[in-house]
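Residues in the sequence shown are numbered consecutively from 1, following full-length UniProt numbering. Ideal Cβ placement from N, Cα and C applies to all residues, glycine included. It should be emphasised that the depicted structure is a prediction, and the values quoted were computed from it without experimental measurement. Below is one structure, written out as structure tokens, with a few remarks after it.
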Amino acid sequence: MNTEIPEFSDLKEEEKNPEWLKDKGNKLFATENYLAAINAYNLAIRLNNKIPLLYLNRAACHLKLKNLHKAIEDSSKALELLTPPVADNANARMKAHVRRGTAFCQLELYVEGLQDYEAALKIDPSNKIIQNDAEKIRNIIQGTELKS
């Protein structure tokens, strides 16, 4: 953990704890204060850049703010850190694939988005929401989605 960075010297002890900052970011996210949540996650990542949930949660904020490329980057970094793929990190990997897939689709990169949704379905095959979203993406790719 890197607490020797000069700007960290003014922080209270708990503010130098990445887990405390993650919880703070989660609370800010819950109140829809996405920019402040990103700031909390940013600081936590500067303290410890090996915690996948920090990237995963920051990706959720970026999605809400339509920072789609950053959502893709953070989801990818979370997946990179969530190795090896084991049962304990399955839920986080599934969320990372869905978030990255959502960002790809919002950028109209539907093939890439579908790949992530299919990866999420391999982790959680019975998830009806992901099944339905993947089907919608397939329909868009095949040109059968009705324009509303």
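List the endpoints of the continuous alpha helix (DSSP H) containing residue i.
i	result
lysine 128	128 to 142
asparagine 91	90 to 106
residue 218	Residue 218 lies beyond the range of the chain shown here (1 to 148); nothing can be said about it.
Please state whether DSSP places residue i in a helix, a strand or coil.
i	result
aspartate 124	coil
serine 148	The predicted position of serine 148 is uncertain, since its pLDDT is 45 and thus under 50; a value taken from the coordinates is nonetheless stated next. DSSP places serine 148 in coil when its eight states are reduced to three.
leucine 53	helix
glutamate 80	helix
asparagine 39	helix
proline 18	helix
lysine 12	coil
asparagine 26	helix
Tell me, to the nearest whole angstrom, how far the beta carbon of residue i is from that of residue j; I am working on the premise that it is less than 8 Å.
i	j	result
histidine 97	alanine 120	4 Å
lysine 22	tyrosine 41	7 Å
leucine 63	alanine 103	6 Å
arginine 58	isoleucine 72	With a Cβ gap of about 12 Å, arginine 58 and isoleucine 72 do not count as contacting.
Exercise. With a cut-off of 8 Å, do at least 3 Cβ pairs link the stretch 83 to 93 to the stretch 42 to 60?
Worked result: yes
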